[in-house]
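Protein sequence lines correspond, in order, to chains A and B.
Each residue of the first sequence is one higher than the one before, starting from 1 at the first, in the numbering used here.
Each residue of the second sequence is one higher than the one before, starting from 1001 at the first, in the numbering used here.
Note that the Cβ used here is the ideal one computed from N, Cα and C, for glycine as well.
Quick caveat: nothing in here was measured; it's all calculated off a predicted structure.
There are 2 protein chains.
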Amino acid sequence: MSRAAVTSTPINPVLANRWSPRSYDATKTLTKADLNASFEAARWSPSANNSQPWRFIVGFRGDETFNKIVPTLAGWNSAWMPNASAIIVAVAQTAGADGTPNHYALYDLGQSVAHFSVQAQTDGLYVHQVAGTDVEALKEAFNLPAGYEAFLTIAVGKLAPADDLPEALAEREKAPRVRHELAEIVRYDAFED
Amino acid sequence: MSRAAVTSTPINPVLANRWSPRSYDATKTLTKADLNASFEAARWSPSANNSQPWRFIVGFRGDETFNKIVPTLAGWNSAWMPNASAIIVAVAQTAGADGTPNHYALYDLGQSVAHFSVQAQTDGLYVHQVAGTDVEALKEAFNLPAGYEAFLTIAVGKLAPADDLPEALAEREKAPRVRHELAEIVRYDAFED
């Protein structure tokens, strides 16, 4: 069953075929080199005043960094995310060295992770960003400096059959993907009263 | 002169060739249909709990919406941005109908605009996101409902020669593109004290 996006006009196949699985192949491993292209894509993302407020902490399944991230995962995420080949902590520099807040930090981090995931998809890898994580525990575990915040975690790996998941997760995995209609998110004039 | 990203390993050419120009061809026009694929890409971006907290208001050069956006542009942006074929206001739904803040709204808006820009690049269009805009004036001009915030504006169009720009802008347009080294943004263990 294809999970490609249903669009009113064709889009770049890499974008159409991207989705966020929970079924990762726990036998596949990735190396630093395997993720370099994705991080290069993240690196060349645009940002306000080229501030590049993104940092990434990468753990590979079974290594010390990975094992420090796993206990911070909440609820169901701890049932599937440890099967991913890598888990990445996405870190935002939300304030400069002098404490000045960067209003664009989270927006720019989102862009950078989007570029990462487009390149990962190009390379046959799947990405699932997971917001339900104990970010305070991550901040402490990885000794983040002042002005840096752990924002979310990112699973990266190879797809496995959905039926390998526990039943409740497998059902979610196979449910239709849904989005607002295009007319709900794009307009050409002011909002109405 | 190529402005492609200089990477340690090849990346998807669409990502490598994306950059944020100021030199737009003021003779080129775009229609709603020309942007549909890019908005479909934005629409299918991932978001926390699939909340899809992105809305877009689109003006085409010379129309009423475009002419309402232009006076909100700050400083130098008003010198080049009106040459774009379209200017889009990126709107975030930062709080739900009951006032509950969405901590992920700006991050997810950033992802959605990144997907938009990857598709635009696929279609031969260039995108430049511009943070220096009077967002309060935009909020009022487009009657944004409670919980919605204008975040930034996005120029979209066809590239023109940099030398068509005023000299100071042309110089910036031709300056080398720079980013932090990969080792500065990616790490495999805790930050050091």
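TODO: Decide if R1061 of chain B is buried, meaning its Cβ has at least 16 other Cβ atoms within 10 Å, or exposed.
DONE: With 16 or more Cβ atoms within 10 Å of its Cβ, R1061 of chain B is classed as buried.
Task: Neighbourhood of F1142 of chain B by C-beta distance below 6 angstroms, restricted to the same chain and skipping five residues each side - done: So the qualifying residues of the chain are I1057.
Open item on the list: Which residue wins for smallest C-alpha separation from A1137 of chain B, given the options B:A1086, B:Q1129, B:M1081, B:I1069?
Closed with: The option with the nearest alpha carbon to A1137 of chain B is B:I1069.
TODO: Note down the Cα distance separating T122 of chain A from V1014 of chain B, rounded to an integer number of angstroms.
DONE: In this structure, the CA atom of T122 of chain A is about 11 angstroms from the CA atom of V1014 of chain B.
Open item on the list: Which residues in chain A have a C-beta closer than 7 angstroms to the C-beta of A1131 of chain B? List them in chain order.
Closed with: The answer, in chain order, is A48, Y104.
Task: Nonlocal neighbours in the same chain, by C-beta distance under 7 angstroms from T1133 of chain B, ignoring five residues either side - done: T1072, L1073, A1074, L1152, T1153, listed in sequence order.
Open item on the list: How far does the beta strand (DSSP E) with T153 of chain A in it extend, from its first residue to its last?
Closed with: It spans 148-157 - the beta strand (DSSP E) in which T153 of chain A sits, taken as one unbroken run.
Task: Coarse secondary structure for R1061 of chain B, derived from DSSP in three states - done: R1061 of chain B: coil per DSSP, three-state reduction.
- [ ] Name the one or two DSSP bridge partners that F56 of chain A has.
- [x] Its beta-bridge partners are A:A90, B:V1186.
Open item on the list: Counting only beta-carbon separations shorter than 8 angstroms, does R55 of chain A have a partner in chain B?
Closed with: It does: the Cβ of R55 of chain A has a partner Cβ on chain B nearer than 8 angstroms.
Task: Under the three-state DSSP convention, the category T29 of chain A falls into - done: The DSSP-derived three-state label of T29 of chain A is coil.
TODO: For chain A, find out if any of its Cβ atoms is closer than 8 angstroms to the Cβ of P1082 of chain B; answer yes or no.
DONE: False, the Cβ-Cβ gap to chain A never drops below 8 angstroms.
Task: Close-in-space but distant-in-sequence residues of the same chain around T31 of chain A (CB under 8 angstroms, 5 per side omitted) - done: Leaving aside the five residues that flank T31 of chain A on each side, the residues in its chain whose CB is nearer than 8 angstroms to its CB run, in chain order, F60.
Task: is_contact[L1015 of chain B, chain A] using C-beta, thresh 8 angstroms - done: Taking a beta-carbon distance threshold of 8 angstroms, L1015 of chain B counts as an interface residue toward chain A.
Open item on the list: Starting from V14 of chain A, trace the alpha helix (DSSP H) in both directions and tell me its first and last residue.
Closed with: That run of the alpha helix (DSSP H) goes 13-17.
- [ ] Starting from the Cα of A1026 of chain B, find the closest Cα among B:E1192, B:V1178, B:D1193, B:L1159 and give me that residue.
- [x] It is B:L1159.
Task: Start and end residues, beta strand (DSSP E) containing Y1126 of chain B - done: Residues 1126-1130.
- [ ] Under 7 angstroms between beta-carbons, which chain A residues line up against R1179 of chain B? List them in chain order, please.
- [x] The answer, in chain order, is R43, W44, Q52.
Task: Proximal chain A residues relative to R1061 of chain B, where beta-carbon distance stays under 8 angstroms - done: In chain A, no part has a C-beta under 8 angstroms from the C-beta of R1061 of chain B; the shortest such distance is about 13 angstroms.
TODO: Run down chain B in chain order and give the residues with a C-beta less than 8 angstroms from the C-beta of S8 of chain A.
DONE: Correct list: N1036, E1040.
Task: Buried versus exposed, by CB contacts within 10 Å (16 or more), P1098 of chain B - done: A small fix is needed here, since residue 1098 of chain B is Asp in this sequence, not Pro. Residue environment: D1098 of chain B is assigned as exposed (fewer than 16 neighbouring CB atoms within 10 Å of its CB, all protein chains considered).
Task: Among A:S38, A:T94, A:T7, A:A170, nearest to N1036 of chain B - alpha-carbon criterion - done: That would be A:T7, whose Cα lies nearest to the Cα of N1036 of chain B.
Task: Distance between H1180 of chain B and S85 of chain A (C-alpha atoms, nearest Å) - done: Rounded to whole angstroms, S85 of chain A and H1180 of chain B show a C-alpha spacing of 26 angstroms.
TODO: Leaving out five residues on either side along the sequence, give the residues of the same chain with a beta carbon under 6 angstroms from the beta carbon of V139 of chain A.
DONE: Note that residue 139 of chain A is Lys in the sequence shown here, rather than Val. Answer for K139 of chain A: A150, listed in chain order.
- [ ] Anything in chain A within Cβ reach of I1154 of chain B, meaning under 9 angstroms, just list it in chain order.
- [x] What I1154 of chain B touches in chain A: nothing, since even the nearest Cβ is about 11 angstroms away.
- [ ] Drop a sphere of 10 angstroms on the beta-carbon of N1049 of chain B, count the other beta-carbons inside from all chains shown, and report buried for 16 or more, exposed for fewer.
- [x] Classification for N1049 of chain B: exposed.
Open item on the list: Against T65 of chain A, what residues of chain B qualify as contacts under a CB-to-CB distance less than 7 angstroms, listed in chain order?
Closed with: The answer, in chain order, is Y1188, D1189.
- [ ] Locate the alpha helix (DSSP H) running through E1173 of chain B, then write down its first and last residues.
- [x] Segment 1167-1174, the alpha helix (DSSP H) holding E1173 of chain B.
- [ ] Answer with yes or no whether the minimum CB distance from N12 of chain A to chain B is below 8 angstroms.
- [x] Interface with chain B (8 angstroms Cβ-Cβ cutoff): N12 of chain A is included.
Open item on the list: Rounding to the nearest angstrom, what Cα-Cα distance links D189 of chain A and A1095 of chain B in this structure?
Closed with: In this structure, the alpha-carbon of D189 of chain A lies about 22 angstroms from that of A1095 of chain B.
Task: Whether H115 of chain A touches A42 of chain A by CB criterion (8 angstroms) - done: Yes, they are a contact pair.
Open item on the list: Going by DSSP in three states, T234 of chain A sits in which element: helix, strand or coil?
Closed with: In this structure chain A extends from 1 to 193, so residue 234 of chain A is not present and cannot be described.
Task: Reference V186 of chain A; option with closest CA among B:Q1052, B:I1185, B:E1173 - done: Of the candidates B:Q1052, B:I1185, B:E1173, the one whose C-alpha sits nearest the C-alpha of V186 of chain A is B:Q1052.
Task: Residues from the segment 1017-1029 of chain B in contact with chain A, defined by Cβ distance under 7 angstroms - done: Per Cβ criterion, the list reads S1020.
Open item on the list: Counting only C-beta atoms, is A74 of chain A closer than 8 angstroms to chain B at any point?
Closed with: Proximity of A74 of chain A to chain B, defined by a Cβ-Cβ separation below 8 angstroms, is not satisfied.
Task: Residue of A:E167, A:A146, A:S2, A:V135 minimising C-alpha distance to F1191 of chain B - done: Answer by Cα proximity: A:A146.
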